[in-house]
Amino acid sequence: MTDFKNFIAGEWVAPSTNAYFENRNPADTRDLIGRFPASGVDDVERAVASAQRGFDLWKRTPAPARGDVLRRVGDIMVTRKEELADLMTREMGKPLAETRGDVQEGIDTAYYAATEGRRLFGHTVPSELKNKWAMSYRRPIGVTGLITPFNFPLAIPTWKMFPALVCGNSVVFKPSEDVPHTGHVFVEILLEAGLPPEVIQLVHGMGEVVGKAIVEHAQVPVLSFTGSTDTGSFVGETAGRMHKRLSLEMGGKNAQIVLNDADLELAVDGVLWGAFGTTGQRCTATSRLILQEGIHDRFVARLVERARALRLGDGRVAGTDVGPLVHEASREKVEKYVAIGRSEGAELACGGSRPTDASLAHGFFFEPTIFTGVKAGSRLEQEEIFGPVLSVIKVADADEAFAVNNGVKYGLSSSVYTRDVTVAFRALQDLDNGITYVNAPTIGAEAHLPFGGVKQTGNGHREGGWEVYEFYSETKVGYVDFSGALQRAQIDNY
Ligand code: UN1
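If you want our numbering, it's the position in the sequence shown, counting the first as 1, plus 13.
Spelled out as structure tokens, the structure:
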């Protein structure tokens, strides 16, 4: 039995509480990965104090040198890709092909961040006065509190941490209690790459204790949170009251639209991957399929046939298409929504239950599930499930499809399958989402483009790409007057 530790003040240390929680394989709960710290508020206190010392050092390190550390992090992740993928699949269940992609997304983010250390552009602009220069530049902010989910155990922490670090901030990191092992190995890699120890703090534990203490800590001026909309509301209220900078990434109810003129087989491939990849546990997962009536019946028949053929199983076994849900509470939530769907009069076209196969009895498996005849506005159609449940909605035309897509409170990703270029561009213009795909599924965002959603999905910030560097740095403006005289702006020149 291995008891893992926190990383605080440059050392691997036991939690002040001396309490631990178990981390088990969701595909087979007899497999115990280890026990991880159920830390307390005192651990967060020590971590923040240390991170402040780390910040004082790191903010004086030139940004290109900070980027060099991240390049080495990327190099190590390349050499350890297979091992990282395996340990992620073991603790959260998605198949190895997907966890390899998760590592790759981290590698891509590392190399992007490394080069950004040589950009972090400001502007030099003309002054309205003679012999005076005006410029803007970016400064680090301080200790950042990063709270991350289970579904991308490596990629999402890298999305937040690498830009935060390149910009010169220090980090207090609380990974999801479902994937603490990935968090542990990730911090080992950062240290191996040469990140000064006090720049990174790892505090394991529960959101209600550790996450809350980070969010409420007066010396943590920057927060980034990915998770549920309910928790995000708490984080947002606290950050608002305490005037903190906050990036939120929350729920989705993403739709794939398939119009009569689409390449249907391509669209079936897309929806299977979008709906059942990661067992539906992506913020970007396809949870609604909006079908134009001319192809509806044919499409559903083909989709159901293909969904039934998906192989459920341990993600570390070759040939598995769909892994387990992350824990029992998630499976119970899925079951609750299956019951809601039935009671609302939707028709169960496939799935809807736990598998009966004895080899799956020790994991949190659930069959890929498709409901047809789902009504726009019903709970099944409106609420985020975060599991392998797809709701099919029939519409008359593209206008109705767009209205259904936009008729939910979330707005992360959307997808439209059509061969009509005018409809494709109308979708890009009119769908209320942060990301719209044409002839591709709702999942699969690339690390070098801005990622995020509108409406209740987020609070206006983006991760990934170039915009996130603005979130993790503060703009400062410098004026240099070399005229040797008092020059009054807005007065002496007019
Ligand atoms: C998430 O589901 O929270 O676009 C992130 C995708 C992935 C990231 C998903 N690259 O599906």
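Ideal Cβ positions, reconstructed from N, Cα and C, are used throughout, including at glycine.
Given the structure is predicted, the values throughout are model-derived calculations rather than measurements.
Would you kindly work out how many angstroms separate the C-alpha atoms of residue i and residue j, rounded to a whole number?
{"i": "residue 247", "j": "residue 262", "result": "13 Å"}
{"i": "residue 377", "j": "residue 89", "result": "32 Å"}
{"i": "residue 383", "j": "residue 275", "result": "21 Å"}
{"i": "residue 17", "j": "residue 493", "result": "53 Å"}
{"i": "residue 131", "j": "residue 466", "result": "28 Å"}
{"i": "residue 365", "j": "residue 128", "result": "47 Å"}
{"i": "residue 303", "j": "residue 394", "result": "11 Å"}
{"i": "residue 435", "j": "residue 422", "result": "26 Å"}
{"i": "residue 499", "j": "residue 249", "result": "45 Å"}
{"i": "residue 75", "j": "residue 177", "result": "14 Å"}
{"i": "residue 195", "j": "residue 112", "result": "11 Å"}
{"i": "residue 168", "j": "residue 501", "result": "50 Å"}
{"i": "residue 43", "j": "residue 34", "result": "15 Å"}
{"i": "residue 140", "j": "residue 454", "result": "48 Å"}
{"i": "residue 152", "j": "residue 387", "result": "50 Å"}
{"i": "residue 457", "j": "residue 496", "result": "54 Å"}
{"i": "residue 433", "j": "residue 415", "result": "15 Å"}
{"i": "residue 428", "j": "residue 305", "result": "14 Å"}
{"i": "residue 399", "j": "residue 342", "result": "11 Å"}
{"i": "residue 292", "j": "residue 171", "result": "22 Å"}
{"i": "residue 391", "j": "residue 64", "result": "47 Å"}
{"i": "residue 161", "j": "residue 488", "result": "26 Å"}
{"i": "residue 51", "j": "residue 227", "result": "14 Å"}
{"i": "residue 310", "j": "residue 41", "result": "38 Å"}
{"i": "residue 335", "j": "residue 294", "result": "11 Å"}
{"i": "residue 270", "j": "residue 251", "result": "37 Å"}
{"i": "residue 38", "j": "residue 105", "result": "7 Å"}
{"i": "residue 278", "j": "residue 287", "result": "14 Å"}
{"i": "residue 475", "j": "residue 440", "result": "21 Å"}
{"i": "residue 202", "j": "residue 240", "result": "24 Å"}
{"i": "residue 411", "j": "residue 273", "result": "9 Å"}
Taking 6 Å as the cut-off, is the C-beta of residue i nearer than that to any heavy atom in the ligand UN1?
{"i": "residue 457", "result": "yes"}
{"i": "residue 289", "result": "no"}
{"i": "residue 7", "result": "There is no way to answer for residue 7, as the model of the chain reaches only from 14 to 507."}
{"i": "residue 165", "result": "yes"}
{"i": "residue 297", "result": "yes"}
Taking only beta-carbon positions, decide if residue i is within less than 7 Å of chain D.
{"i": "residue 487", "result": "Of the chains in the structure shown, none is chain D; there is only one protein chain."}
Can you round the beta-carbon distance between residue i and residue j to whole angstroms, since I take them to be within the 8 Å contact cut?
{"i": "residue 265", "j": "residue 297", "result": "6 Å"}
{"i": "residue 126", "j": "residue 83", "result": "5 Å"}
{"i": "residue 418", "j": "residue 322", "result": "About 28 Å; that fails the 8 Å criterion."}
{"i": "residue 424", "j": "residue 445", "result": "5 Å"}
{"i": "residue 328", "j": "residue 102", "result": "4 Å"}
{"i": "residue 122", "j": "residue 175", "result": "5 Å"}
{"i": "residue 21", "j": "residue 216", "result": "7 Å"}
{"i": "residue 544", "j": "residue 115", "result": "Outside the shown range of the chain (14 to 507) lies residue 544, about which nothing can therefore be said."}
{"i": "residue 166", "j": "residue 333", "result": "The Cβ separation is near 18 Å, so there is no contact."}
{"i": "residue 351", "j": "residue 402", "result": "7 Å"}
Does the distance between the C-beta of residue i and the nearest non-hydrogen atom of the ligand NAP fall short of 6 Å?
{"i": "residue 273", "result": "Absent from the structure shown: the ligand NAP. Ligands present: the ligand UN1."}
Exercise. Entirely within the segment 243-315 and at least 4 residues each: give me those alpha helix (DSSP H) ranges in chain order.
Key: The qualifying runs are 277-289.
Quiz item: What beta strand (DSSP E) runs, 3 residues minimum, are completely inside the segment 338-418?
Solution: List check, beta strand (DSSP E) in window: 360-363, 382-385, 402-408.
Self-check item: Every unbroken alpha helix (DSSP H) within the segment 459-493, with a cutoff of 4 residues, ordered by chain
Solution: For the segment 459-493, whole alpha helix (DSSP H) runs of length 4 or above, ordered along the chain, are 481-484.
Quiz prompt | Completely contained beta strand (DSSP E) runs for the segment 193-252, where each covers 3 or more residues | solution = As far as the segment 193-252 is concerned, its whole beta strand (DSSP E) runs of at least 3 residues are 213-215, 235-239.
Quiz item: In chain order, which alpha helix (DSSP H) runs of at least 4 residues are fully inside the segment 39-106?
Solution: Runs found: 54-71, 76-92, 94-105.
Exercise. For the segment 114-145, list the beta strand (DSSP E) runs that are entirely contained and at least 3 residues long, ordered along the chain.
Key: Considered as a whole, the segment 114-145 harbours 136-139 as its complete beta strand (DSSP E) runs of no fewer than 3 residues, in chain order.
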